[in-house]
Each structure stands twice: as structure tokens, then as C-alpha cells.
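Protein chains: 2
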Amino acid sequence: MRYTASLSAILCCLFVNSASAEAPKPSFPLSPTEILEAAPATVWRDLEPENLMVMTLTGGKTVVIYLAPEFAPAHVGNIRLLAQTGWFSGSKIVRVQDNYVTQWGRTEEEAKLPAGIVKPTPAEYDSPGLGHGFKPIPYGDAYAKKVGFLHSWPVATDNKAHWLIHCYGMVAVGRDMAPDTGTGQELYTVIGHAPRHLDRNLAVVGRIISGMEFMTALPRGTGPLGFYEDPAQQTEIVKVGLVSDMAEADRPRYQILDTDTATFDQFVHARANRGGPFFNLAAGGVDVCNSMPPVRLKP
Amino acid sequence: MRYTASLSAILCCLFVNSASAEAPKPSFPLSPTEILEAAPATVWRDLEPENLMVMTLTGGKTVVIYLAPEFAPAHVGNIRLLAQTGWFSGSKIVRVQDNYVTQWGRTEEEAKLPAGIVKPTPAEYDSPGLGHGFKPIPYGDAYAKKVGFLHSWPVATDNKAHWLIHCYGMVAVGRDMAPDTGTGQELYTVIGHAPRHLDRNLAVVGRIISGMEFMTALPRGTGPLGFYEDPAQQTEIVKVGLVSDMAEADRPRYQILDTDTATFDQFVHARANRGGPFFNLAAGGVDVCNSMPPVRLKP
């Protein structure tokens with residue numbers, strides 16, 4: 002059965018364990034999945050309810066965004082306010098550009114912004130220095146001197162500043178020409194090969210940790226830059242809210258692999274050095290955007 | 002109008018010229034688009050009809066694949082034979098795994114392979130040396146000593162061998178555990194951040210140059226590795242054929258930017274050093290998979 006074989010053929014993914022109980026113990030190093038399975042519960046960090054935003058699309062599809070206030074406090078403040086005032090309800094996914102971004106939101110003409118929204122100044126594209134917990138990825142990068150993870154977020158640094166980077170699934174704030182014009186009313190997520198030239202030019206504010214497939218499996222827009230020409234193609238955003246505003250019993254609970262752990266080091270090493278019966282040759286390196294710490298529902 | 006502003010906000014794309022005739026001439030360096038517009042016709046190379054494969058999906062959606070026989074002659078030989086014998090007609094898109102691959106084809110149980118299909122040995126993952134025309138991309142890479150383009154194809158090299166790499170939109174051959182088991186009856190294309198750990202492990206045979214959006218805007222499969230659990234979700238492949246087998250008048254004519262030109266050097270430099278009124282800061286580098294030479298319909 003070729004399809005069955007194909008399951009192992011391009012075996013790569015986390016959380017898929019193809020080993021059966023009957024199979025002899027392989028002599029290969031642990032795979033990324035096996036490393037996670039063997040790790041203690043302490044390597045998983047609970048995500049804070051106030052940093053989790055749930056976006057419900059038409060048809061009950063749910064997208065969960067993990068916000069990064071430690072990197073972009075003013076932008077995240079705006080986004081929380083827009084969520085808590087119900088401002089996003091009735092807004093739309095307006096743009097899907099292949100190998101680039103899915104963008105959603107609406108204009109002030111369509112819905113007046115609530116009081117309290119600020120124009121973030123400075124623009125929050127980067128932060129000074131590098132605090133405790135930076136975990137470098139020791140392989141080459143085309144865009145920055147050094148890349149890695151800080152508190153489980155993908156970052157780059159020139160040793161003077163550090164900044165969140167545009168990996169697949171990261172969420173950032175659309176803006177006009179002036180650097181401080183992004184209010185949070187228009188957001189986008191990366192749906193292709195990481196457009197890292199946008200780093201330090203637009204404010205990255207979070208990461209989609211669930212429901213990414215609902216943002217990617219959408220018709221591409223046929224207008225300039227992938228905007229939908231036909232409004233009927235737009236997907237409606239029914240509501241957006243913070244998990245911290247939900248009743249305790251209703252809250253989804255997520256955890257992320259803490260990048261400041263030996264387990265994460267092993268995970269990255271295994272991603273860079275694929276073993277097992279399928280691989281002929283390990284690259285000996287891995288891109289930062291292919292090393293993102295996994296997220297799981299709290300067991 | 003924020004939407005209008007947003008058009009320039011994430012302005013990045015080829016083939017979109019936002020400059021109006023009334024606007025004052027900007028003092029910025031030429032953008033990648035402007036470089037292409039200013040280039041002579043000679044920097045564009047015609048794609049050979051025998052290397053162009055047209056795949057028609059249900060609903061008349063058309064996907065065009067540019068084949069690379071110079072890198073994988075046996076695999077491309079198989080694929081041409083499968084196309085010319087009509088073997089792909091009635092096969093299906095069976096797998097869509099988010100941020101990874103879309104895979105299509107079928108089993109030998111479903112359709113007997115035509116005579117002449119070979120098991121490529123050696124497996125055609127790489128080729129010795131580096132011939133004339135290698136254009137290095139002079140920025141860091143996480144996976145290989147050196148990356149760049151050879152005859153307009155994205156490649157990596159360790160100076161002893163060179164190989165095609167798994168950039169977004171590249172097409173490769175699924176296989177079983179043994180390296181020589183990929184016949185070409187199952188193909189996949191990359192729909193996410195380049196899974197470069199697959200380089201030298203699976204045979205890359207081409208690139209989707211038109212219709213990529215029909216391979217990406219598909220529901221993600223919910224089975225292991227993104228295989229569709231419900232066959233009703235599979236997209237049918239109505240037919241696959243070579244452009245060289247079409248009547249002259251019906252043939253689509255494509256051209257690719259020749260990477261062995263000064264125009265391509267300028268293009269890559271401009272991609273690495275974004276200018277214009279929108280960008281605060283240029284990265285000074287660009288990933289090889291974000292430097293792919295553009296393809297156009299022959300004017």
C-alpha cells in the first residue's frame with residue numbers, strides 16, 4: 002500500500018508516532034516527537050489567559066492568537082481594547098495573498114475606534130538589549146546577525162536590540178506610511194515562506210497557536226496584493242474576545258514548550274539532525290522559523 | 002482610506018507598480034519590480050515546451066509545472082511518461098498538510114503503471130560539482146554551506162555536490178523507505194516555510210509556475226500527516242499533459258528571469274535592501290527561497 006508507505010515517506014511532523022508496540026526498538030537518536038514525549042511536565046509553561054485571544058469566524062471556526070505584550074505593549078493594549086469592546090465583530094478577512102499574508106480588520110469609516118486607542122510611539126518594532134533566557138539557534142540566517150528564542154518567542158538580534166520575527170503563523174499589525182500608524186485594527190498573519198524583510202518594519206504582536214488552517218485554506222484574492230475584489234469572498238469575523246474574560250470553566254488552556262530548557266535544546270538539535278530509517282542525510286542545521294516551540298492543550 | 006493605504010503598507014510584491022504618473026519621481030533606489038521593468042528582453046529565457054506540464058483540476062483550474070530534467074533526468078522521464086500515457090487522469094490530491102506539503106497521485110493498485118517506468122538509481126537527490134552559471138546568494142543559510150541559483154533553479158552546494166532545494170512551490174517526488182522507490186506517481190509541492198531538511202532526501206523535480214493558489218487554498222486534511230480522511234475532500238486531477246504535445250497555437254509560453262545576468266544580481270540586491278517610503282530599515286540580506294527568479298507569460 003503506497004499510501005500507507007507514504008505516511009512514513011515524508012514523516013516529519015510533531016505529535017505523530019508511527020512506531021508500533023511490536024516494532025523492534027530502533028537504534029536511531031530520539032526524534033523531536035520522542036524528545037517531547039520523554040520530557041517532564043515542567044518544560045511546558047502555561048499561557049496566560051490575558052494573552053490569549055479567541056477569534057470566531059463564520060461557521061464556528063475558531064482561531065486562537067497568543068499575544069506578546071512584553072514585545073509590543075502599546076499595540077497589544079490596543080488589540081485587547083478592540084477585543085474587549087467588541088470592535089472586531091463584523092469585521093472581515095479582506096486579503097489573502099499567496100505565499101505572503103492573510104489580513105483582517107476594517108476601516109474607521111466602517112466602525113469608529115473606541116476611546117483609548119493609541120498610535121504607538123515609538124513604533125515597537127524592536128526592544129533594546131537582550132534579557133535573560135535568550136536561546137540562540139546556532140545556524141546561519143540570511144537576515145540577522147543572530148536568531149533564536151526569547152521566552153518561547155522567535156527573535157533576531159544585532160546585539161544592540163532584539164525583535165520578534167515574521168515566521169509562519171506570526172501575527173503583526175498593518176500600518177500606513179508613518180511608522181506609528183498601526184492601531185491594531187488591521188492585523189495579518191504569515192501564510193508562506195517567512196517574509197523576514199518585514200522584521201523591524203511592522204510590529205509583530207503574537208502567534209496563531211490554533212486554527213491556523215482556517216486562515217490559510219482560503220481563496221487567494223485576485224486584486225492587487227491579494228485583496229478580495231468581490232466582497233462575497235471575505236470571511237466574516239463573528240467575534241473576538243480574550244480568554245481572561247471567559248468564565249473559568251469555559252477557558253481553553255494551552256501550554257508552550259519553554260525554550261529556556263534542555264528539552265528545547267534537544268528538540269532543536271533533533272530538528273537539525275533528522276535521523277530514522279527514512280532520512281539519507283541530515284542537514285546539520287535548521288532555520289529559526291522551522292524550530293518554533295510547539296504548543297499543546299494542557300493535559 | 003485605510004485599505005488604500007494598506008495597499009502600500011505591505012507593499013512587497015512583484016508586478017505591482019503603485020507609482021502614479023502624477024507622483025514626483027522618488028529618490029529611492031529601484032525596487033525589484035522597477036528593475037524588472039527596466040531590463041532588456043534578453044534577460045528572460047523561454048521555457049522549453051517539453052519541460053512544461055499542465056495539470057487540469059476539477060472546475061477547469063490549471064496548474065503549470067516547470068520540470069528540471071537536468072537535475073533529475075530519470076524522475077522527469079517517468080513523470081513525462083505518466084503524463085503522456087494519461088496515467089494521472091482521475092488521480093487525486095490526497096494530502097494537504099498545513100505549513101508543509103500538498104501531495105497528489107495514486108497507488109499502483111488504483112492504476113497500473115505503464116511500461117517504461119523505472120526506479121531511479123541512483124536516487125537523483127544531488128549532482129556532482131557545480132557547472133558554469135552558479136549564482137551564489139551571499140547571505141547566511143541554516144542548511145548548507147552555500148546557496149544560490151543554477152540555470153534559474155534554487156540550489157545548495159557543499160562544493161562537492163549541488164542539489165535542488167525545497168523552496169515554496171517546488172515539486173518533488175514522494176517515496177517509500179528505500180531511496181529509489183519514488184517513481185513519480187506521487188508528487189508533492191511545498192506550501193509553507195521551506196522544509197529544507199528534505200533536501201537530498203527526496204528528489205526535487207520542478208517548480209509550480211502558475212496556479213499555485215489552487216494547490217494552497219485547499220482544506221487541510223485531518224488525518225495523520227494531513228491526508229484526507231474523507232475521500233470527498235480530495236480534488237480530482239482531470240488530466241495532465243506536456244505543452245510539447247499541444248498544438249503550437251494552444252501552447253502557453255512562459256519565460257523565466259535568467260539568473261546568470263546582471264539584472265538578477267540587481268533584483269536580489271534590491272530584495273535584500275528594501276527601500277522606498279514605507280521601509281524603516283533594510284535587512285541587508287534575503288533568504289534564497291525569497292529570491293526566486295520570477296516567471297512571466299511571454300509578452
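For the record, the sequence lines run as chains A and B. All residue numbers for the first sequence refer to the numbering used here, where the first residue is 2 and numbers rise by one. All residue numbers for the second sequence refer to the numbering used here, where the first residue is 2 and numbers rise by one. All C-beta atoms in this analysis are idealised placements derived from N, C-alpha and C, irrespective of residue type, glycine included.
By the DSSP assignment, the alpha helix (DSSP H) with A:His270 in it spans what residues? One-based indexing of the first sequence puts residue 270 of chain A at position 269. Residues Ala263 to Ala273.
Discussion item. Quick check on this structure: which residue in B:Ala283, B:Pro278 and B:Phe279 has the alpha carbon closest to the alpha carbon of B:Arg272?
Written reply: On the second sequence, residue 272 of chain B is found 271 positions in, with the first residue counted as 1. The residue with the shortest Cα to Cα distance from B:Arg272 is B:Ala283.
_Suppose you measure from the CA of B:Leu83 to the CA of B:Val64; what does that come to, to the nearest Å?_
As a working mapping, residue 83 of chain B is identified with position 82 in the second sequence. As a working mapping, residue 64 of chain B is identified with position 63 in the second sequence. Those two C-alpha atoms are separated by around 16 Å.
Presumed contact (8 Å Cβ cut-off) between A:Ile166 and A:Val205, rounded CB distance: For the purposes of this step, residue 166 of chain A is taken as the residue at position 165 of the first sequence. For the purposes of this step, residue 205 of chain A is taken as the residue at position 204 of the first sequence. Right, the Cβ-Cβ distance comes to about 7 Å (below 8 Å), so this counts as a contact.
Problem - Own chain, CB closer than 7 Å to A:Asn79, minus 5 neighbours either side, in chain order - result: Counted from its first residue, the first sequence places residue 79 of chain A at position 78. Hits under 7 Å: Ile118, Val119, Thr184 and Gly185.
Examine the Cβ distances between the segment 119-139 of chain B and the segment 257-264 of chain A and report whether three or more of them are shorter than 8 Å. No, they do not touch.
How big is the Cα-Cα spacing for B:Val296 and B:Tyr255? For the purposes of this step, residue 296 of chain B is taken as residue 295 along the second sequence, with counting starting at 1. For the purposes of this step, residue 255 of chain B is taken as residue 254 along the second sequence, with counting starting at 1. Using only the alpha carbons, I get a separation of about 7 Å.
| said: Using beta carbons (cut-off 9 Å, strictly below), is A:Ile118 in contact with chain B? | reply: As a working mapping, residue 118 of chain A is identified with position 117 in the first sequence. Any Cβ of chain B closer than 9 Å to the Cβ of A:Ile118 would place that residue at the interface, and such an atom is absent.
- Task: Measure the alpha-carbon distance for B:Thr34 versus B:Thr223 and round it to whole angstroms.
- Result: If you number the second sequence from 1, residue 34 of chain B lands on position 33. If you number the second sequence from 1, residue 223 of chain B lands on position 222. If you take the alpha carbons of B:Thr34 and B:Thr223, they lie about 39 Å apart.
Cβ separation of B:Pro180 and A:Asn281, assumed to be a contact under 8 Å, to the nearest whole Å: Stepping through the second sequence from its first residue, residue 180 of chain B is reached at position 179. Stepping through the first sequence from its first residue, residue 281 of chain A is reached at position 280. The Cβ separation is near 6 Å, so the contact holds.
Check: How would you label A:Pro294, buried or exposed, when you count the other beta carbons within 10 angstroms and need 16 or more for buried?
Finding: The sequence position of residue 294 of chain A within the first sequence is 293, counting from 1. The residue is buried, with at least 16 neighbouring Cβ atoms inside 10 Å.
| Beta-ladder partner(s) of A:Asp47, from DSSP | Locating residue 47 of chain A in the first sequence gives position 46, where the first residue counts as 1. A:Asp47 pairs with A:Gln256.
*In chain B, what lies closer than 7 Å to A:Leu282 by C-beta?*
Indexing the first sequence from 1 puts residue 282 of chain A at position 281. Result: Arg201 and Asn202.
| Distance, A:Ala69 Cα to A:Thr190 Cα | Here residue 190 of chain A corresponds to residue number 189 of the first sequence, with the count starting at 1. Here residue 69 of chain A corresponds to residue number 68 of the first sequence, with the count starting at 1. Looking at the two C-alpha atoms, the distance is approximately 14 Å.
### Task
Decide yes or no for the touch test of the segment 121-137 of chain A against the segment 236-256 of chain A: beta carbon pairs closer than 8 Å, at least 3 of them.
With the cut-off at 8 Å, the segment 121-137 of chain A and the segment 236-256 of chain A do not touch.
Next item on the list: Kindly say whether B:Met247, judged by its beta-carbon, lies nearer than 9 Å to any beta-carbon of chain A.
Entry: Walking along the second sequence from the start, residue 247 of chain B turns up at place 246. Cβ-Cβ to chain A under 9 Å: no for B:Met247.
ask   = With a Cβ-Cβ cutoff of 9 Å, do B:Gly106 and B:Phe89 count as a contact?
value = Reading the second sequence from its first residue, position 105 is the one you call residue 106 of chain B. Reading the second sequence from its first residue, position 88 is the one you call residue 89 of chain B. Their beta carbons are under 9 Å apart, which means B:Gly106 touches B:Phe89 by this criterion.
Margin query: Just checking: is the beta-carbon of A:Glu23 within a distance shorter than 9 Å of some beta-carbon in chain B?
Written below: For the purposes of this step, residue 23 of chain A is identified with residue 22 of the first sequence, where counting begins at 1. Low local confidence applies: a pLDDT of 49 at A:Glu23 is under 50, so the model's placement there is unreliable, with the coordinate-based value given in what follows. No, no contact with chain B.
Worksheet item: Who does A:Met178 pair with in a DSSP beta bridge?
Response: Along the first sequence, one-based indexing puts residue 178 of chain A at 177. A:Met178 is bridged by DSSP to nothing; it lacks a bridge partner.
**OP:** Please report how far the alpha carbon of B:His198 lies from the alpha carbon of A:Thr260, in whole angstroms.
**Re:** Locating residue 198 of chain B in the second sequence gives position 197, where the first residue counts as 1. Locating residue 260 of chain A in the first sequence gives position 259, where the first residue counts as 1. So the two alpha carbons sit approximately 21 Å from each other.
Chain-order list of residues whose beta-carbon lies under 6 Å from that of A:Ile66 (same chain, five-residue window excluded): What you label residue 66 of chain A is simply residue 65 of the first sequence in a count that begins at 1. So the qualifying residues of the chain are Met54, Val172, Gly207 and Ile209.
Can you check whether the C-beta of B:Tyr140 is within less than 9 Å of a C-beta belonging to chain A?
In the second sequence, counting from the first residue as 1, residue 140 of chain B sits at position 139. Output row for B:Tyr140: interface = yes.
Notebook entry, point to check: Is the segment 141-152 of chain A close to the segment 92-100 of chain A, with three or more CB pairs under 8 Å?
Noted result: By the C-beta criterion, the segment 141-152 of chain A is judged not to be in contact with the segment 92-100 of chain A, since fewer than 3 inter-stretch pairs fall below 8 Å.
**Q.** C-alpha distance - A:Pro155 paired with B:Leu219, whole-angstrom precision
**A.** The residue labelled residue 155 of chain A in the question sits at position 154 within the first sequence. The residue labelled residue 219 of chain B in the question sits at position 218 within the second sequence. Distance from the CA of A:Pro155 to the CA of B:Leu219, rounded to the nearest whole angstrom, comes to 28 Å.
**Prompt:** Going straight from the alpha carbon of A:Ala24 to that of A:Ala42, what length do you get?
**Reply:** Taking the first sequence and counting its residues from 1, the one referred to as residue 24 of chain A is at position 23. Taking the first sequence and counting its residues from 1, the one referred to as residue 42 of chain A is at position 41. Because the pLDDT of A:Ala24 is 49, which lies under 50, any placement of that residue in the model is unreliable, and the question is left without a value.
One or two residues paired with A:Gln104 in a DSSP bridge:
Within the first sequence, numbered from 1, the residue matching residue 104 of chain A stands at position 103. Note: A:Gln104 sits in a beta bridge opposite A:Arg96 and A:Tyr189.
Worksheet entry | CB contact flag (B:Leu151, B:Val174, <9 Å) | Counting from one through the second sequence, the residue named residue 151 of chain B turns up at place 150. Counting from one through the second sequence, the residue named residue 174 of chain B turns up at place 173. With a cutoff of 9 Å on beta-carbon distance, B:Leu151 and B:Val174 are scored as not near each other.
Next on the checklist: Whole angstroms are fine: how far does the CA of B:Gly170 sit from the CA of A:Arg221?
Outcome noted: The residue given as residue 221 of chain A occupies position 220 in the first sequence. The residue given as residue 170 of chain B occupies position 169 in the second sequence. For A:Arg221 and B:Gly170, the distance between alpha carbons rounds to 15 Å.
*Answer yes or no: does any C-beta atom of chain A fall closer than 9 Å to that of B:Asn160?*
Locating residue 160 of chain B in the second sequence gives position 159, counting from the first residue. False, the Cβ-Cβ gap to chain A never drops below 9 Å.
Determine the DSSP secondary structure at B:Val244, reduced to helix, strand or coil.
-> The sequence position of residue 244 of chain B within the second sequence is 243, counting from 1. B:Val244 falls in the helix class under three-state DSSP.
Three-way DSSP call (helix, strand, coil) for A:Thr236 in this model = The sequence position of residue 236 of chain A within the first sequence is 235, counting from 1. A:Thr236: strand per DSSP, three-state reduction.
Element boundaries [alpha helix (DSSP H), containing B:Ala217] | Counting from one through the second sequence, the residue named residue 217 of chain B turns up at place 216. Strictly speaking, residue 217 of chain B in this sequence is Thr, with Ala absent from that position. Taken as a continuous stretch (DSSP letters only), the alpha helix (DSSP H) holding B:Thr217 covers Met213 to Thr217.
Quiz item: In three-state DSSP terms, what is B:Gly60?
Solution: As a first step, residue 60 of chain B is located in the second sequence; it is residue number 59 there, counting from the start. In this structure, B:Gly60 counts as helix in the three-state DSSP scheme.
- prompt: Roughly how many angstroms separate the alpha carbons of A:Phe72 and A:Ser128, rounded to a whole number?
  reply: Reading the first sequence from its first residue, position 71 is the one you call residue 72 of chain A. Reading the first sequence from its first residue, position 127 is the one you call residue 128 of chain A. Taking the straight line joining both Cα atoms gives about 7 Å.
Determine the direct distance from the alpha carbon of A:Ser92 to that of A:Thr103, and round the result to whole angstroms.
Counting from one through the first sequence, the residue named residue 103 of chain A turns up at place 102. Counting from one through the first sequence, the residue named residue 92 of chain A turns up at place 91. Just so you know, the alpha carbons of A:Thr103 and A:Ser92 end up roughly 14 Å apart.
Going straight from the alpha carbon of B:Cys112 to that of B:Val244, what length do you get? What you label residue 112 of chain B is simply residue 111 of the second sequence in a count that begins at 1. What you label residue 244 of chain B is simply residue 243 of the second sequence in a count that begins at 1. What sits at residue 112 of chain B in the sequence shown is Ala, not Cys. In this structure, the CA atom of B:Ala112 is about 24 Å from the CA atom of B:Val244.
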